[in-house]
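K.L.:
Below you will find the structure I want to go over with you.
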Amino acid sequence: MAGKSSKKAASIDMTAMCDVAFLLLTFFILTATAKIPEALPVDTPSSTVQTKLPESNLATLTIGGKGKVFFDLKGREVRIRTLELMSQKYGVEFTDEEKAKFSLMEGIGVPIGNLKQLIGMKTAERSKAGQPGIPKDSLDNQLTDWVKNARIANNEANNANGSKEELHIAIKGDAKEEYPSIRKVMDILQDQGINSFSLVTGLRGENF
Amino acid sequence: MAELNTGDSGGGKDKKVRSKKQNSKVDLTAMVDLAFLLITFFMLTTTLSKPQAMELGLPDKEKPNEEDQNIKVDENRTMTIMLGDNDKLVRYVGLLATPVAGGAPKDFAYGKEGIRKELLSRKEAVLKYTGDPKKGMIVIIKPGKKSNYRNLVDILDEMAIVDVPTYAIVNDFSPEEIKLLEGNKK
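Chains as they are written, first to last, in UniProt numbering: chain A, 1 to 208; chain B, 1 to 186.
The structure is reproduced here in structure tokens:
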């Protein structure tokens with residue numbers, strides 16, 4: 001009898017543990033948003049500020065790799081509309097399929113002429129493609145147009161919903177990027193009358 | 001593993017009853033293993049927190065000259081911070097040619113022991129000097145051509161920590177300032 005009871009003690013009832021594990025699993029699946037691969041990975045500087053970025057109405061300008069600028073926009077409708085406006089302006093036609101694909105893509109960093117080619121690539125190829133950044137010289141300032149058209153598209157979408165929210169611009173710069181290239185982007189924004197924007201930063205410890 | 005099969009330790013009648021009981025129990029170990037594996041996977045592949053962001057408002061670009069002419073600022077309230085390469089930071093208080101007592105150009109380090117101490121003590125001194133909480137310290141940040149983005153965010157962060165009431169990013173450098181920032185590098 002004694003030997004039997006010691007054998008019984010070795011078995012643990014796993015039901016509760018299983019319940020907890022699946023509860024946690026459900027929680028994580030439901031709260032998760034998949035990590036979108038970044039077109040241009042940057043190491044953001046850290047700060048003690050705790051403000052969070054908004055989820056929608058947001059355009060992110062990523063600056064890294066010696067002044068390369070990448071453009072990213074939230075919201076599928078807004079992205080499609082922005083692309084339409086850009087294609088009108090630069091006379092580059094996109095099919096509906098390409099538009100749909102663009103609406104799901106990560107940030108882009110190519111001149112508008114090469115965008116068609118970029119959309120045609122697979123995600124893995126795209127990250128290896130070595131995108132040169134969006135042109136932002138005074139002669140060929142496509143970045144200005146991207147930002148401008150994104151704002152127009154965002155306003156159109158928001159007006160349809162009855163909301164008056166403006167597009168929020170965030171600058172996500174690499175910590176090692178030299179100041180002049182950051183300033184160049186800020187100047188482009190300021191030329192459009194955008195004087196207030198966010199700088200994306202990482203989190204720093206409390207007792208910095 | 002969870003359910004050890006006790007085998008044929010008992011008598012024939014006993015064994016029959018026990019084996020019936022064991023059939024109703026399912027070994028959950030593998031299931032738990034799988035669940036935790038999936039939990040780990042989801043934890044690692046998701047971004048739990050949204051990225052942090054720092055709000056930055058810049059003055060309107062349109063009429064810089066008018067602003068310069070119209071606003072006269074007491075030089076006792078201003079501190080100018082210049083950022084150079086290799087995390088160099090120079091600050092002076094008042095005008096460069098005639099700095100306020102103890103405010104001559106000096107190098108500082110970033111962080112708690114460096115520029116923050118200076119900013120805090122200056123802030124108090126300015127408040128004592130003006131006697132008006134609305135007329136606090138004014139900090140002018142001048143990021144040099146060689147300074148990097150981290151320097152800019154660091155100094156803006158210091159502004160937020162110290163709670164400087166007014167600060168501005170200015171891009172003009174006088175020749176003396178450039179000399180100060182680049183000259184004594186050795």
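Even glycine gets a Cβ: it sits at the ideal position worked out from N, Cα and C.
Just to make sure I have the definition right: I need the residues of chain A whose C-beta is within less than 9 Å of the C-beta of residue 55 of chain B. Which are they?
P.N.:
In chain order: 49, 51, 196, 197, 198, 199.
K.L.:
Against chain B, does residue 97 of chain A count as a neighbour if the rule is that its beta carbon must be under 7 Å from one of theirs?
P.N.:
Not closer than 7 Å to any Cβ of chain B, the Cβ of residue 97 of chain A fails to qualify, so no.
K.L.:
Under three-state DSSP, which class holds residue 144 of chain B?
P.N.:
In the structure shown, residue 144 of chain B sits in coil (DSSP, three-state: anything other than H, G, I, E or B).
K.L.:
Going by the beta-carbon positions, is the gap between residue 53 of chain B and residue 51 of chain A smaller than 7 Å?
P.N.:
Contact flag set, yes.
K.L.:
Using a beta-carbon distance below 7 Å, is residue 143 of chain B in contact with chain A?
P.N.:
Chain A, which has a Cβ nearer than 7 Å to the Cβ of residue 143 of chain B, makes this yes.
K.L.:
Could one say the Cβ of residue 58 of chain B lies closer than 7 Å to chain A's Cβ atoms, at least one of them?
P.N.:
Chain A, which has a Cβ nearer than 7 Å to the Cβ of residue 58 of chain B, makes this yes.
K.L.:
Tell me, to the nearest whole angstrom, how far the beta carbon of residue 198 of chain A is from that of residue 73 of chain A; I am working on the premise that it is less than 8 Å.
P.N.:
At roughly 15 Å, the Cβ-Cβ gap does not stay under 8 Å, so residue 198 of chain A and residue 73 of chain A are not in contact.
K.L.:
Taking a cut of 8 Å between CB atoms, which residues from the stretch 77 to 101 of chain A lie near chain B?
P.N.:
From the stretch 77 to 101 of chain A, no residue has a Cβ closer than 8 Å to chain B.
K.L.:
Within a Cβ cutoff of 7 Å, which residues of the same chain sit near residue 181 of chain A, ignoring the five residues on either side of it in sequence?
P.N.:
Result list for residue 181 of chain A: 63, 67, in chain order.
K.L.:
Interface residues of chain B around residue 180 of chain A at Cβ under 8 Å?
P.N.:
Chain B residues near residue 180 of chain A: 145.
K.L.:
Reducing DSSP to helix, strand and coil, say where residue 165 of chain A ends up.
P.N.:
Three-state DSSP puts residue 165 of chain A in coil, outside helix and strand.
K.L.:
Compare the C-beta of residue 173 of chain A against all C-beta atoms of chain B and say whether one is closer than 7 Å.
P.N.:
Closer than 7 Å: yes.
K.L.:
Cβ of residue 122 of chain B within 6 Å of any heavy atom in the ligand MN?
P.N.:
The ligand MN is absent from the structure shown, which contains no ligands of any kind.
K.L.:
Kindly indicate which residue of A:111, A:138, A:104, A:177 has the alpha-carbon position closest to the one of residue 123 of chain A.
P.N.:
Here the closest residue by C-alpha is A:104.
K.L.:
For the stretch 185 to 204 of chain A against the stretch 159 to 169 of chain A, are there 3 or more C-beta pairs whose distance is under 8 Å?
P.N.:
Because the criterion of three Cβ pairs below 8 Å is met, the stretch 185 to 204 of chain A and the stretch 159 to 169 of chain A touch.
K.L.:
Three or more C-beta pairs closer than 8 Å, one from the stretch 78 to 89 of chain B and one from the stretch 148 to 168 of chain B: is that the case here?
P.N.:
The stretch 78 to 89 of chain B vs the stretch 148 to 168 of chain B: in contact.
K.L.:
For a contact defined as C-beta to C-beta under 8 Å, what are the partners of residue 149 of chain B on chain A?
P.N.:
Per Cβ cutoff of 8 Å: 45, 63, 173, 174, 175, 176, 177, 178, 179, 182.
K.L.:
Does residue 158 of chain B pass the burial test, meaning 16 or more other C-beta atoms within 10 Å, or should it be called exposed?
P.N.:
By the 10 Å Cβ count, residue 158 of chain B comes out buried.
K.L.:
Could you tell me whether the Cβ of residue 143 of chain A comes closer than 7 Å to any Cβ of chain B?
P.N.:
Closer than 7 Å: no.
K.L.:
With a CB to CB cut of under 6 Å and the five nearest residues on each side skipped, what residues in its chain are close to residue 80 of chain A?
P.N.:
99, 103, listed in sequence order.
K.L.:
Can you pull the chain A neighbours of residue 157 of chain B, defined as C-beta to C-beta under 9 Å?
P.N.:
In chain order: 45, 46, 47, 48, 49, 201, 204, 208.
K.L.:
With 16 other CB atoms within 10 Å as the buried threshold, where does residue 57 of chain B fall?
P.N.:
So residue 57 of chain B counts as exposed.
K.L.:
Could you compute how far the alpha carbon of residue 25 of chain A sits from the alpha carbon of residue 35 of chain B?
P.N.:
So the two alpha carbons sit approximately 7 Å from each other.
K.L.:
How long is the line joining the alpha carbons of residue 37 of chain B and residue 55 of chain A, rounded to whole angstroms?
P.N.:
Going by the C-alpha atoms only, they are around 29 Å apart.
K.L.:
Let me confirm a value: residue 15 of chain A is counted as buried when at least 16 other C-beta atoms fall within 10 Å, else exposed. Which label applies?
P.N.:
Result: exposed.
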